[in-house]
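Novice: Just so we're aligned, residue 18 is where the sequence shown starts under my numbering, counting upward by one.
Even glycine gets a Cβ: it sits at the ideal position worked out from N, Cα and C.
Take this structure, written in structure tokens, and hold onto it; I'll ask about it next.
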Amino acid sequence: MSLEAAVQENTAALKAFTAALSSAALLNAGPATGAAPDKAETKTVEPKKAPPKKATAKAEPLPAAEEAEQGADEAIPYEAVREKTLATVKDHGRDFMAPIFEKFGVTTAKDLKPEDYYDYLQAIDRATAADAEDEVA
Numbered sequence: 018m019s020l021e022a023a024v025q026e027n028t029a030a031l032k033a034f035t036a037a038l039s040s041a042a043l044l045n046a047g048p049a050t051g052a053a054p055d056k057a058e059t060k061t062v063e064p065k066k067a068p069p070k071k072a073t074a075k076a077e078p079l080p081a082a083e084e085a086e087q088g089a090d091e092a093i094p095y096e097a098v099r100e101k102t103l104a105t106v107k108d109h110g111r112d113f114m115a116p117i118f119e120k121f122g123v124t125t126a127k128d129l130k131p132e133d134y135y136d137y138l139q140a141i142d143r144a145t146a147a148d149a150e151d152e153v154a
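The following block contains the structure:
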């Protein structure tokens, strides 16, 4: 089957699917005559009002250590690690990443353990911040 035939077949299938969805939506929409529904069918539901909240003490900001623990508990996807690594290598070069990789005992970000992702990203942030300070000074 040629590519053009496959595209035409898929287009026809999508049009049939769209038509089926449209007809199903019309069937579920109910009467389109504009007649008022029976009173037995209608039921007015009043939204429940939430009880008033009691005044509480203002939440104090978390110390940095507690914030770090909370951030470390969240699952960080590998894609975020990959993007950060590539951006850092692009901006600072591969040699800049060598000490960070060495700290974690890996040669690429692929070799990192998921539980190390948070610390790895923090290490990159610290290194880039230190590099930025060196450039300013």
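Would you identify the three-state DSSP class for Leu129, choosing helix, strand or coil?
Specialist: Reading the sequence shown from its first residue, position 112 is the one you call residue 129. Coil at Leu129, not helix or strand.
Novice: When DSSP labels each residue in this structure, what does Thr124 get in the three-state scheme?
Specialist: Taking the first residue of the sequence shown as 1, we reach residue 124 at position 107. Note: Thr124 maps to coil in three-state DSSP.
Novice: Alpha carbon to alpha carbon, how far is Leu31 from Ala140?
Specialist: Sequence index remark: in the sequence shown, residue 31 carries index 14 (1-based). Sequence index remark: in the sequence shown, residue 140 carries index 123 (1-based). Going by the C-alpha atoms only, they are around 49 Å apart.
Novice: Report the rounded CA-to-CA distance for Tyr95 versus Pro131, giving the unit in angstroms.
Specialist: Against the sequence shown, residue 95 aligns to sequence position 78. Against the sequence shown, residue 131 aligns to sequence position 114. When rounded, the distance between both Cα atoms is 7 Å.
Novice: Considering Ile141, what are the terminal residues of the alpha helix (DSSP H) in which it resides?
Specialist: Position 124 of the sequence shown, counted from the first residue, corresponds to residue 141. Where Ile141 is concerned, the enclosing alpha helix (DSSP H) stretches over Tyr134 to Val153.
Novice: Relative to the C-alpha of Phe121, which residue among Asp136, His109, Asp112 and Lys107 is closest?
Specialist: Position 104 of the sequence shown holds residue 121. Minimum Cα distance to Phe121 is reached at Asp136.
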